[in-house]
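J.:
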Amino acid sequence: MTPSVQYHCPCLASAPVPPPPHLPSSSYSFHPLHTLFFCEECDAIRCNRCVSVEVSTYYCPNCLFEVPSASVRAEKNRCARNCFMCPNCRNTLTVVASDPPDTGDGRLTVPVSTVGEPPFYLYCNHCRWDSAEVGIVFEKPTGLAAQLQRYEDSAPDSLEFDRLKEHFEPFLRAASLPSSLSSSMAHPGSVVHPSSAAHSHHLHSSSITAAASAALARDIPGVGKYTPSLARSTSARAGRDRSVNKDEMAEYRSRLDITNASVVGGGGGDADVEFIKRVEKISSVASLEQRWGNSWATSLRTRDIRPQRIPLHSKRSKRCPVCTHILIKPEQKAQSVRYKIKLVAANYLPAITVALPHTFPTPETVKRGLGKPASASAANDRSNVALHPGESYSFHLALTNPLYDPIQVRLATPRVHATSSSSGTQEKARRPPFGVSIPTSTFTVAAFAEAWEYDEDEEMYWTDEEEFGGVGSNRGSRNKEGKSKAKAKSVGVLEKRANTTIVGGEVIIGKEARGRLKFIMLVQYTYRSDDPVPSESGEGGGADTKASTNKAPETKTFEFYTVIDLGEIIPTKLDGDPDG
Amino acid sequence: MDPPIYYSKAEFIETDTGNKVSRRATIAGPQNIILGGKTIIASGAIIRGDLRRSGPGHAVVISLGRYCLIGEGCIMRPPYKTYRGAFNYYPMKIGDHVHIGANSVVEAATIGNNVEIGKNCIIGKFTIIKDCAKIADNTIIPPNTVVPALALFAGSPGRFVEDLPESTQEIVEAYTKQYYTRFQPLDR
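Chains as they are written, first to last, in the UniProt record's numbering: chain G, 1 to 580; chain U, 1 to 188.
1) Ordered along the chain, which non-local residues of its own chain (more than five positions away) have a Cβ less than 8 Å from that of S104 of chain U?
2) Answer with yes or no whether the minimum CB distance from V344 of chain G to chain U is below 8 Å.
3) Would R309 of chain G and A145 of chain G be called neighbours here (beta carbons separated by less than 8 Å)?
4) Pick helix, strand or coil for N401 of chain G, following the three-state DSSP scheme.
5) Taking Cβ positions only, does R159 of chain U come closer than 8 Å to chain G?
6) Using only CA atoms, which one of G:S4, G:I564, G:C320 and G:T94 lies nearest to E41 of chain G?
7) So is G95 of chain U in contact with chain G if we call contact Cβ pairs under 8 Å?
8) Which first and last residues belong to the alpha helix (DSSP H) in which Y179 of chain U is found?
9) Quick one: list the residues of chain G neighbouring K130 of chain U, beta-carbon separation under 9 Å, in chain order.
10) Output, in chain order, the set of chain B residues within a Cβ distance shorter than 9 Å of H313 of chain G.
11) Am I right that V503 of chain G and G492 of chain G are in contact with their C-beta atoms under 8 Å? What's the rounded C-beta distance?
12) Judging by CA-CA distance, which residue of U:Q169, U:A59, U:Q178 and U:Y175 is the nearest neighbour of S336 of chain G?
13) Taking only beta-carbon atoms, is I276 of chain G less than 8 Å away from chain U?
14) With 16 other CB atoms within 10 Å as the buried threshold, where does D96 of chain U fall?
15) Please report the Cβ distance between F30 of chain G and Y7 of chain G, rounded to the nearest whole angstrom; I am assuming they are in contact, meaning their Cβ atoms lie under 8 Å.
16) Listed from N- to C-terminal order along the chain, which residues in the stretch 91-124 of chain U have their beta-carbon within a distance smaller than 9 Å of any beta-carbon of chain G?
17) Determine the DSSP secondary structure at D270 of chain G, reduced to helix, strand or coil.
18) Determine the DSSP secondary structure at V563 of chain G, reduced to helix, strand or coil.
19) Let me check understanding here. Comparing Cα to Cα, which of G:P87, G:N91 and G:A97 lies closest to Y83 of chain U?
20) Verify whether the separation of the beta carbon atoms of G37 of chain U and R66 of chain U is less than 8 Å.
21) Taking only the alpha-carbon atoms, compute the straight-line gap between D405 of chain G and A449 of chain G and give it to the nearest angstrom.
22) Which one of G:I45, G:R497, G:A386 and G:V409 has the shortest CA to CA distance from S441 of chain G?
23) Out of curiosity, what's the CA-to-CA distance linking L122 of chain G and L51 of chain U?
24) Assign G472 of chain G to buried or exposed, taking buried as 16 or more other Cβ atoms, counted over all protein chains shown, within 10 Å of its Cβ.
25) So, helix, strand or coil for T35 of chain G, using DSSP?
26) On the CB-based measure, 16 or more other CB atoms within 10 Å of its CB, does A45 of chain U come out buried or exposed?
27) Counting only C-beta atoms, is T145 of chain U closer than 8 Å to chain G at any point?
28) Determine the direct distance from the alpha carbon of D43 of chain G to that of S537 of chain G, and round the result to whole angstroms.
29) Keeping to the same chain, check which residues put their C-beta closer than 7 Å to that of I33 of chain U; ignore five residues upstream and five downstream.
30) Taking its Cβ as the centre, do 16 or more other Cβ atoms sit within 10 Å of W292 of chain G, making it buried, or is it exposed?
31) Chain G beta carbons: is any one of them nearer than 8 Å to that of Y179 of chain U?
32) Let me make sure I understand the geometry here. Which of G:T562, G:T444 and G:I569 has the alpha-carbon closest to that of A513 of chain G?
33) Between A334 of chain G and Y59 of chain G, is the Cβ-Cβ spacing less than 8 Å?
34) Is K318 of chain G near V51 of chain G, with beta carbons less than 8 Å apart?
35) Among the candidates U:R53, U:A59, U:T17 and U:A151, whose CA atom is the shortest distance from the CA of Q31 of chain U?
36) According to DSSP, residue 190 of chain U sits in a beta bridge with which residue or residues?
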């Protein structure tokens with residue numbers, strides 16, 4: 001496990017301080033930088049857990065056909081062309097033709113038709129299942145879904161679903177009409193405002209759920225009556241009466257009685273018991289994985305499972321949950337990887353990588369490794385990655401600036417361990433099992449220039465002290481400044497090249513330390529702001545951003561938390577020994 | 001920041017466009033193979049450029065883009081089938097920034113840009129892998145599979161696991177470029 005850095009998204013936390021990293025639940029608050037977004041409007045980090053998501057395109061993952069959203073519902077969210085999933089292994093099925101008729105002379109004939117001989121089968125390239133096993137053959141190799149339409153339409157689940165839809169249809173029509181009217185009345189002249197759309201949708205769905213709960217609450221002989229907690233209040237009688245009057249729902253009668261469903265191949269019941277009694281091979285019973293993709297309880301027999309059309313995938317656009325500004329808007333074309341709008345955190349926050357220099361292979365060890373053939377990779381492996389208690393290690397943090405202006409960075413390691421109230425008293429009393437020292441003074445990370453400028457000259461970097469002496473940095477907590485040899489210094493700015501600055505830190509691991517070596521690091525950076533007035537930035541994004549008033553008016557400071565994971569602390573072999 | 005990956009200078013041939021090809025790799029039919037530049041072919045890899053379409057004239061069998069890596073012990077073999085009674089090989093096209101992990105067997109028809117293929121994978125015949133997709137280690141992709149853009153596939157048979165983040169293209173591009181610069185010769 002190589003050391004890693006994850007960034008904190010404050011969406012789950014009530015306080016701006018992140019949870020202590022040794023709690024397992026804290027992993028929900030920390031994310032790799034490349035999965036995060038950045039809302040310019042709120043000046044805040046957003047993650048996949050907090051953004052609101054909308055579907056922008058539907059497509060089939062196999063034939064890559066972009067399905068218009070109008071037909072997605074009609075086609076039941078599955079590909080309506082030639083794409084089927086193997087019922088056995090869920091691989092994509094291919095259409096194969098029958099063998100050409102045998103001419104009798106023992107030689108293969110050259111097929112005349114380009115598509116092959118009918119009948120056609122669906123065939124799995126992985127598990128060799130073929131659709132003839134379940135009696136599905138096709139006259140022509142195109143439009144297979146249409147050819148299978150009659151099977152699908154006569155399936156008990158789709159019949160039942162159609163019946164349900166039919167049952168709710170008049171009610172839905174009645175319910176959707178006034179609500180959409182009222183919402184458009186409420187915002188006269190306004191074009192589709194997200195909140196109004198959401199509002200009308202909410203109304204719509206609430207009346208559907210009311211109807212559904214009314215249907216659920218009806219009396220079923222032999223089943224205890226379900227009363228929603230709302231109805232148990234004093235106004236229960238009136239509320240129920242009103243809803244009944246308003247909805248006018250007739251009682252729904254299912255097409256199929258559940259008590260005899262197993263007779264016709266549904267789930268459960270005596271038919272399945274009979275089948276299980278006679279099972280000879282385990283493979284003849286369909287596994288849960290093979291069955292649970294179906295919307296209806298299916299037969300337990302493997303040979304009864306039918307191929308299903310492939311479910312559609314979608315491309316999604318993402319919005320900031322606070323200001324509803326779009327953060328991600330993909331291009332319409334399904335297989336394009338470009339975006340019309342892409343506000344990812346990697347373009348705003350400095351990228352941090354962490355490395356433990358003692359795990360790097362030295363040229364000497366590699367040389368030894370290269371002597372033996374085919375072991376070059378083994379020599380390049382980071383074999384010595386273990387951290388041992390009672391030792392101290394230096395680590396490198398590389399900060400890369402994505403902005404076109406230089407930034408001033410300040411690092412800090414707040415003691416989240418000690419202040420956390422949730423982790424109990426004994427946790428509080430104990431000293432943190434390791435101590436981390438990182439440079440606490442401000443240092444500069446140079447501006448990002450266009451990629452072509454660095455493309456060829458990766459070798460050109462400078463460790464000249466004078467280059468960054470002017471910043472007034474290097475007053476690290478463990479002061480080793482003034483050393484003429486850069487090698488001896490382990491805490492402080494080590495190296496600057498292009499838009500990356502490498503700083504060194506040190507960690508001292510206590511003798512009793514166990515588990516993963518993780519600590520929180522607060523990163524503060526000051527950049528030149530394009531906004532002349534950074535006054536309202538504090539309101540939208542919460543507490544993690546503030547306009548710096550004591551500095552030049554054009555600079556802004558942003559701060560965020562990261563968790564640095566240096567790896568597992570592995571007890572040394574002499575662990576039983578009292579000396580450690 | 002990552003340490004260099006050293007290789008023995010004697011083992012690799014570097015071309016004018018920066019391709020680094022191991023002398024221990026088996027390159028069959030090199031006249032039918034195109035390397036885009038800055039592509040690394042590690043030792044023990046087998047690239048079958050000799051399996052060309054029948055018929056006269058020059059044919060490109062395998063084309064690789066820039067900043068690709070063919071890992072150690074990989075086998076790159078063009079896909080083949082019998083179509084209308086005639087057996088034939090079909091060309092394999094691989095885009096830029098494609099890394100293929102060690103000991104994988106690739107018979108894909110098309111691999112897009114910024115694709116990562118893990119170690120010990122088998123990519124079946126005529127597989128189409130779209131841009132920015134990723135195949136996890138030890139995955140078996142059956143023949144004729146289509147891997148859509150920005151999808152992670154894993155398992156046997158390889159199935160869709162999750163959508164990759166929106167910034168995958170930048171990540172993979174940066175990683176492959178960095179890998180090339182880290183790949184440094186070492187004199188003995």
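The C-beta atom is built at its ideal place from N, Cα and C for all residues, glycine as well.
T.: Based on what the coordinates show:
1) G71, C74, I75, I117, G118, K119, N120, C121, I122 and I123
2) yes
3) yes
4) coil
5) yes
6) G:C320
7) no
8) T168 to R182
9) Close partners of K130 of chain U in chain G (Cβ separation under 9 Å): L64, Q335 and V337.
10) Given the protein chain composition of this structure (G and U), no chain B is represented.
11) 7 Å
12) Of the candidates U:Q169, U:A59, U:Q178 and U:Y175, the one whose C-alpha sits nearest the C-alpha of S336 of chain G is U:Q169.
13) no
14) buried
15) Contact flag correct, Cβ pair sits at about 7 Å.
16) A102, G112, N113, N114 and G124
17) helix
18) strand
19) The alpha carbon of Y83 of chain U has as its nearest neighbour, out of G:P87, G:N91 and G:A97, the alpha carbon of G:A97.
20) yes
21) The straight-line gap from Cα to Cα measures roughly 9 Å.
22) G:V409
23) Cα to Cα, L122 of chain G sits roughly 30 Å from L51 of chain U.
24) At G472 of chain G the pLDDT is 36, less than 50, meaning the model places this residue with poor confidence; the figure from the coordinates comes in the next sentence. Under this definition G472 of chain G is an exposed residue.
25) When DSSP states are grouped into helix, strand and coil, T35 of chain G belongs to the helix group.
26) buried
27) Against chain G, the CB of T145 of chain U has a partner CB under 8 Å away; the residue lies at that interface.
28) Residue confidence for S537 of chain G is low, a pLDDT of 41 falling below 50, so the modelled location carries little weight and cannot support an answer.
29) Excluding residues within five positions, the ones whose Cβ falls inside 7 Å are I27, I47, G49, V61 and I62.
30) exposed
31) no
32) G:I569
33) yes
34) Yes; because the gap between Cβ atoms is below 8 Å, this pair is in contact.
35) U:A59
36) Outside the displayed range of chain U (1 to 188) lies residue 190 of chain U, so it cannot be described from this structure.
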